[in-house]
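In the numbering used here, the protein residues as written are 23 to 78. Here a beta-carbon is modelled for each residue, glycine too, at the ideal position from N, C-alpha and C. From a predicted model like this one, the values you see are computed outputs, not experimental measurements.
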């Protein structure tokens, strides 16, 4: 397996001996502070459109 050619300005090399920062924003500065809501899981079909039929 070969390493990809990454731009060191965009992806600086990581030193495995360095401690991991407590603030995730240091590693992923473009990540929003909060995650979006999870999508609603489909539930068994209650006769509503888009419902999931019960397994046989």
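Check	Outcome
What would DSSP say about residue 48, mapped onto helix, strand or coil?	helix
Would you tell me roughly how many angstroms separate the C-alpha atoms of residue 58 and residue 52, rounded to the nearest one?	14 Å
Relative to the alpha-carbon of residue 55, which residue among 45, 61 and 39 has its alpha-carbon at the smallest distance?	45
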